[in-house]
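Residue numbers (full-length UniProt numbering): 1 to 308.
Backbone N, C-alpha and C define an ideal beta-carbon position, used for all residues, glycine too.
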């Protein structure tokens, strides 16, 4: 096989591919900047080398034999594949699988709407996405990049901070009907509370409410009551359904406030001291594909966000 497909044969195959595309030695010669006679001679030499005819010479035109048609398809596919790969290499296009882990709420509300932009920029990178609660420890080797909500402490791993999280109370407008006004923190005593018990890594069951009320120096309010959920989106759905007042995260409130599904009865917003960040092992960014996705996430986090 190596004797059959030597450098000379490869040169003849190029001439054959152009001739098969045009079904004309004259037009092939024009494209290759040689004479028609040279094209005809090289096709004959290729046929002699292969041991079968590639063209039927008809009056005023050429036609591929069955063998020629099959070979033309394979050769054309091969040249297209080579050309596409060269184009990719020249333009820095990357391909392969990147394992991305994310806390479910951030994945659903922040990342998912943005993924089409990643796909458009890097169409040959295949993202394998896993949703894991922040209560599940980050273990090196389980992912290439992880999106996590934490205080910046990731022992044994590096982290790039993305977005500082702020929180504030929200509820459905329907919840306020027939109840005392909700204008001050102490008014919360008249309302059921909703809790996300997995708010961030190491958080307490009622940690979001406790942190918020302590930060605004609110009078004593009993927050150890109401419904608890282990997903942020479930807590928000309960709030939309009018079940109580929940703590919303600025990053994860998309259009609920704009549509009026939820309102923010108390104006104060409080930083949690937690950041969404990209976690990765030392040396992970040496892989240019991982670096590309990492840098894209940083770019997305820096995009101006609408004020809600």
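(1) Can you give the beta carbon distance from residue 167 to residue 97, rounded, assuming they're within the 8 Å contact cut?
(2) Quick check: the region 283-291 against the region 190-206, are at least 3 beta-carbon pairs closer than 8 Å?
(3) Am I right that residue 68 and residue 160 are in contact with their C-beta atoms under 8 Å? What's the rounded C-beta distance?
(4) Distance check for residue 77 and residue 84, CA to CA, integer angstroms please.
(5) Could you round the C-beta distance between residue 245 and residue 169 to whole angstroms and report it? I think they count as a contact, below 8 Å.
(6) Give me, in chain order, the residues of the same chain whose beta-carbon lies closer than 8 Å to that of residue 31; leave out the 5 immediate sequence neighbours on both sides.
(7) Going by DSSP, which residues form a beta bridge with residue 279?
(8) In the region 252-306, which residue ranges form an unbroken alpha helix (DSSP H) of at least 4 residues, counting only runs that do not cross its ends?
(9) By DSSP, does residue 96 sit in helix, in strand, or in coil?
(10) Within its chain, find whatever has a CB closer than 6 Å to the CB of residue 261; leave out the 5 residues flanking it on each side and keep chain order.
(11) Let's see if you can read the secondary structure: which residues bound the alpha helix (DSSP H) around residue 129?
(12) Quick check on this structure: which residue in 236, 162 and 117 has the alpha carbon closest to the alpha carbon of residue 149?
(13) With distances taken Cα to Cα, identify the nearest neighbour of residue 105 among 231, 216 and 155.
(14) Grab me the residues of residue 254's own chain with a C-beta within less than 7 Å of its C-beta, minus the 5 sequence neighbours each way, in chain order.
(15) Going along the chain, which residues of its own chain have a beta-carbon closer than 7 Å to the beta-carbon of residue 297, five neighbours each way excluded?
(16) If you follow the beta strand (DSSP E) that residue 246 is in, where does it begin and where does it stop?
(17) Using the beta-carbon count (16 or more within 10 Å), is residue 208 buried or exposed?
(18) By how many angstroms is the C-alpha of residue 304 removed from the C-alpha of residue 188?
So, from the data block:
(1) Incorrect: roughly 35 Å between the Cβ atoms, too far for contact.
(2) Three or more Cβ pairs closer than 8 Å define a contact, and the region 190-206 falls short of that threshold against the region 283-291.
(3) That belief does not hold up - the Cβ atoms of residue 68 and residue 160 are roughly 56 Å apart, past 8 Å.
(4) Cα to Cα, the separation comes out at about 10 Å.
(5) 5 Å between Cβ atoms; contact.
(6) In chain order, 18 and 22 place their CB closer than 8 Å to the CB of residue 31, counting only its own chain and leaving out the 5 sequence neighbours on each side.
(7) Answer is 146 and 159.
(8) For the alpha helix (DSSP H) assignment, the uninterrupted runs of no fewer than 4 residues enclosed by the region 252-306 are, from N- to C-terminal side, 256-259 and 288-301.
(9) Of the three classes helix, strand and coil, the one that applies to residue 96 here is strand, per DSSP.
(10) 240, listed in sequence order.
(11) No alpha helix (DSSP H) holds residue 129; the beta strand (DSSP E) holding it covers 125-131.
(12) When each option's Cα is compared against that of residue 149, the closest is 162.
(13) Nearest of 231, 216 and 155 to residue 105, Cα basis: 231.
(14) Only 109 meet the Cβ criterion.
(15) So the qualifying residues of the chain are 162 and 278.
(16) For residue 246, the uninterrupted beta strand (DSSP E) run begins and ends at 246-249, by DSSP.
(17) Counting other Cβ atoms within 10 Å of its Cβ, residue 208 reaches 16 or more and is therefore classed as buried.
(18) Cα-Cα distance, rounded: 33 Å.
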